[in-house]
Amino acid sequence: MVTLAPLDAFAPSAMRDALQHGAEVMTLEVAENRHRKDLRDAMLFASTDINEGDFDSACRMVEIADAALNALPDSGRTFPDRDGIRLILALTAHSLDAMIGK
Amino acid sequence: MMTLESLAQHAALLLSLTALGASLLSAQVCRGIALETPGWFAMNVGRAAERATVHGADISWQFDQGTFLFASANVTSYERSLPARGHAAIGAGFKLAERNRFVACATMGSELERIGDLRVKRIPVGLAMGWAKPLPGVSRGIGVTLEPFFVHQDERIRRFAYTSNYLSARTGVVYLRRGWLWGVTYEHAFDADARWNAKARVGFTFN
């Protein structure tokens, strides 16, 4: 996911609000199912982990959220929100990768 | 943590493995140790994937009828700001076949690993093959091992749980002299992370 957004490094804390918005608002249009719940919870966990400085767990949550996002039904109505969430996850992955280091 | 039910299942399987052993000859050659040695303890240090350092220890004890138990523990520390990886394992093996100085054993174990909030349980089932040869001189010998194994893995973090299976392999060389052992091992997991570690070992045998 890091390669989706080749940017200069920035702090993961900059993504906390975006993660919460993605989890609580951008998933509303998606039909209720297990993958939507996984996506929502994983993004909220990632936000909490970043807040607590637990970047390893935040990375794992971003991976889980990405897997859940990819498992969602491919409907045209939810495409903009799903694409927006994908961008949030990509940016979060980028910031975490920069924080943890290579 | 491992449940009582899964512990009981592992214990029952280990007992059945033990009952299958029929030979009085050493099974420890499977793990690179000479025939007359009842067991060993070794400390190890090495490197691992992601520029990590590994410290740990392992112990093994041999019983009659070609069976042996082993246990190990190690900690993997990363240069990057990642949590340390704590790993503990127990297992048992029994001899399947022997020809000249070559011995093959079946092994099975139970492993627990903790990486930050992530908990991983693994059940490796392997085929350990060893070749050991006494060397000229006083109580000297060398052993070579190769152990491919199949791993069933259960990962849990928060409310998320995933199971997966993968193949892994371990190889090593052990040199024994007057009750002391030195050796090197290399282990590689053929999973998505392609984890590996290479360790130098030093320890002593139980005589």
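Sequences listed follow chains A and B, in order.
Using my numbering, the letters of the first sequence correspond one by one to residues 50 to 151.
Using my numbering, the letters of the second sequence correspond one by one to residues 770 to 976.
The C-beta atom is built at its ideal place from N, Cα and C for all residues, glycine as well.
Predicted model only: the values in this text are computed from it and were never measured.
Could you spell out where the beta strand (DSSP E) holding residue i opens and where it closes?
| i | result |
| --- | --- |
| residue 918 of chain B | 909-926 |
| residue 869 of chain B | First-last for residue 869 of chain B: undefined, no H or E at that position. |
| residue 952 of chain B | 949-959 |
| residue 827 of chain B | 821-832 |
| residue 945 of chain B | 929-946 |
| residue 967 of chain B | 965-975 |
| residue 147 of chain A | Element bounds for residue 147 of chain A: not the beta strand (DSSP E) but the alpha helix (DSSP H), 128-149. |
| residue 816 of chain B | 808-817 |
Would you list the residues sitting across from residue i in a DSSP beta bridge?
| i | result |
| --- | --- |
| residue 880 of chain B | B/858 and B/891 |
| residue 846 of chain B | B/822 |
| residue 896 of chain B | B/875 |
| residue 836 of chain B | B/832 and B/863 |
| residue 904 of chain B | B/909 |
| residue 841 of chain B | B/827 and B/858 |
At 7 Å on the CB atoms, spell out the chain C contacts of residue i, in chain order.
| i | result |
| --- | --- |
| residue 149 of chain A | The structure shown contains no chain C; the protein chains it does contain are A and B. |
Alpha carbon to alpha carbon, how far is residue j from residue i? Give it in angstroms, no decimals.
| i | j | result |
| --- | --- | --- |
| residue 108 of chain A | residue 821 of chain B | 18 Å |
| residue 961 of chain B | residue 827 of chain B | 26 Å |
| residue 988 of chain B | residue 840 of chain B | Missing from the structure shown is residue 988 of chain B; chain B here goes from 770 to 976 and no further. |
| residue 95 of chain A | residue 813 of chain B | 36 Å |
| residue 59 of chain A | residue 847 of chain B | 22 Å |
| residue 865 of chain B | residue 854 of chain B | 33 Å |
| residue 942 of chain B | residue 936 of chain B | 21 Å |
| residue 932 of chain B | residue 877 of chain B | 18 Å |
| residue 800 of chain B | residue 901 of chain B | 9 Å |
| residue 880 of chain B | residue 843 of chain B | 11 Å |
| residue 863 of chain B | residue 889 of chain B | 26 Å |
| residue 883 of chain B | residue 66 of chain A | 30 Å |
| residue 963 of chain B | residue 957 of chain B | 7 Å |
| residue 945 of chain B | residue 971 of chain B | 10 Å |
| residue 852 of chain B | residue 845 of chain B | 9 Å |
| residue 959 of chain B | residue 910 of chain B | 31 Å |
| residue 150 of chain A | residue 819 of chain B | 11 Å |
| residue 57 of chain A | residue 102 of chain A | 20 Å |
| residue 70 of chain A | residue 823 of chain B | 40 Å |
| residue 976 of chain B | residue 110 of chain A | 50 Å |
| residue 965 of chain B | residue 955 of chain B | 7 Å |
Please go through the same chain and pick out, in chain order, the residues whose beta-carbon is closer than 6 Å to the beta-carbon of residue i, but skip the five residues on each side of it.
| i | result |
| --- | --- |
| residue 75 of chain A | 130, 133 and 134 |
| residue 816 of chain B | 967 |
| residue 72 of chain A | 89, 92 and 93 |
| residue 749 of chain B | Residue 749 of chain B lies beyond the range of chain B shown here (770 to 976); nothing can be said about it. |
| residue 776 of chain B | In this prediction, residue 776 of chain B has a pLDDT of 46, which is less than 50 and means its spatial position is unreliable; what the coordinates show is noted afterwards. So the list is empty, once near-sequence residues are dropped. |
| residue 916 of chain B | 895, 897 and 939 |
| residue 113 of chain A | 91 |
| residue 928 of chain B | none |
| residue 873 of chain B | 865, 866 and 898 |
Just reading off the alpha helix (DSSP H) that residue i is part of, what are its end residues?
| i | result |
| --- | --- |
| residue 156 of chain A | Any question about residue 156 of chain A goes unanswered here, given that chain A covers just 50 to 151. |
| residue 104 of chain A | 104-120 |
| residue 68 of chain A | 65-73 |
Going by beta carbon distance, what residues of the same chain come within less than 8 Å of residue i, once the five residues before and after it are set aside?
| i | result |
| --- | --- |
| residue 61 of chain A | 99, 104, 107, 141, 144, 145 and 148 |
Can you tell me whether residue i sits near the ligand GDP, meaning its C-beta is under 7 Å from at least one heavy atom of the ligand?
| i | result |
| --- | --- |
| residue 112 of chain A | Looking at this structure, you won't find the ligand GDP or any other ligand, since it has none at all. |
Near residue i, which residues of its chain fall below 7 Å by C-beta distance, leaving aside the five closest residues on each side in sequence?
| i | result |
| --- | --- |
| residue 969 of chain B | 813, 814, 815 and 953 |
Can we say the stretch 117-135 of chain A touches the stretch 904-915 of chain B, given the rule of at least three CB pairs closer than 8 Å? no
Would you call the stretch 920-928 of chain B in contact with the stretch 940-951 of chain B, where contact means no fewer than 3 C-beta pairs closer than 8 Å? no
If contact is defined by three or more beta carbon pairs under 8 Å, each pair taking one atom from either stretch, is the stretch 119-137 of chain A in contact with the stretch 78-93 of chain A? yes
Can we say the stretch 85-92 of chain A touches the stretch 866-877 of chain B, given the rule of at least three CB pairs closer than 8 Å? no
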